[in-house]
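To convert a position in the sequence shown, counted from 1, into our numbering, add 88.
Notes follow once the structure below has been shown.
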Amino acid sequence: MAMIFIGGSRDINVLPEPVIERISAIVAHEHGVLIGDAPGADAEVQGLLAGYGYEHVGVFHAGKEPRHNLGDWAAYRIPPPDGAQGFAVHAGKDREMARRADYGLMIWDGASPGTFLNVLRLVLIASPCVVYDTMRSRVTTTCSVAEWRAMFERAGADFARELIARMTAEERKAVAA
Numbered sequence: 089m090a091m092i093f094i095g096g097s098r099d100i101n102v103l104p105e106p107v108i109e110r111i112s113a114i115v116a117h118e119h120g121v122l123i124g125d126a127p128g129a130d131a132e133v134q135g136l137l138a139g140y141g142y143e144h145v146g147v148f149h150a151g152k153e154p155r156h157n158l159g160d161w162a163a164y165r166i167p168p169p170d171g172a173q174g175f176a177v178h179a180g181k182d183r184e185m186a187r188r189a190d191y192g193l194m195i196w197d198g199a200s201p202g203t204f205l206n207v208l209r210l211v212l213i214a215s216p217c218v219v220y221d222t223m224r225s226r227v228t229t230t231c232s233v234a235e236w237r238a239m240f241e242r243a244g245a246d247f248a249r250e251l252i253a254r255m256t257a258e259e260r261k262a263v264a265a
C-alpha cells in the first residue's frame, strides 16, 4: 500500500473536481492517506474521505487533540518545538507526513507558502507530488528540486521571502545547490 500525503491551503474550502477524482482513485486503489488537521483543504479532504467511509487514513496534528478528525481515524501527535509560534507549530507534522509518504497530492491556491514547501519536502526525498494549482486551474507533477525551483522562480518576491523564511537551513541548502 502506497502512502499519499494529501495537503493544501487553508483558504481552500471547495475541492476542485480533478482533486476529487484523484482522491477517488486513491480510495479505489486502497492507498494510505496521511493528512493534517487544519481547516481548509485538510478538512475538505477529510470530509470527502469520511463520506466514502474510508479507513486507511492517519491524521497528524501538533496540538493535544486534532482540530479536525472527521472520520475518527488514528491520530498522530507531532509536538512542536518549545517556544514555536505561528507556522512553526505545524511544520514538524508536515515534515513527518512528507517523510512517511511515497507520493504527495497538494491542493495549492497559488499563494500558500506552507503547501508549496510541502511539495519541496516531498521531492527532496524523491517522492513525486501532484500539485493542483487552483489559481491557474492547472495540474502538474513535481518530481525533482529542479522542477520545484522552476515553479518557485515564477513566484513573486513577497511569496519568495516568506517561503525562504519558513525553510530549514537544510531545505535552503538543497534548493541552492
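Don't be surprised by glycine CBs; every beta carbon is placed ideally from N, CA and C.
Quick caveat, the model's predicted, so the values are computed rather than measured.
CB contact flag (V218, T229, <7 Å): Contact: yes.
Nearest-angstrom Cα separation, counted from A176 out to P169: About 8 Å.
Rounded straight-line distance, which links the Cα of R254 to that of L179: It is worth fixing the name first, because residue 179 is Ala in this sequence and not Leu. Distance between the alpha carbons of A179 and R254 is about 9 Å.
Spatial neighbours of D190 in its chain, beta-carbon cut-off 8 Å, leaving aside the 5 residues before and after: Excluding sequence positions up to five before and after D190, its CB lies within less than 8 Å of the CB of A90, M91, I92, S215, all in the same chain and listed in chain order.
Contact belief for G128 with N101 at Cβ below 8 Å, rounded distance in angstroms: Right, the Cβ-Cβ distance comes to about 6 Å (below 8 Å), so this counts as a contact.
Which of helix, strand or coil DSSP assigns to G135: DSSP, read as helix, strand or coil, puts G135 in helix.
Option nearest R249 by Cα separation, candidates D197, H149, L205: Distances from the CA of R249 to each of D197, H149, L205 were compared; the closest alpha carbon is that of L205.
Sheet register partners of I94 (DSSP bridge): I94 pairs with I123, L193.
N- and C-terminal bounds of the alpha helix (DSSP H) containing G202: 201 to 212 is the extent of the alpha helix (DSSP H) around G202.
Sub-7 Å separation of I123 and V107 beta-carbons: No, the Cβ-Cβ distance between I123 and V107 is not below 7 Å.
Beta bridge counterpart(s) of V177 as assigned by DSSP: Answer is none; V177 lacks a bridge partner.
Per-residue burial, S200 [other beta carbons within 10 Å of its own, 16 or more giving buried]: With 16 or more other Cβ atoms from the protein chains shown falling within 10 Å of its own Cβ, S200 counts as buried.
Beta-carbon proximity list for P104, same chain, < 7 Å, skipping 5 on both sides: Hits under 7 Å: Y220, T222.
Contact under 7 Å by Cβ, T256 with G96: Result no, Cβ atoms of T256 and G96 do not sit closer than 7 Å.
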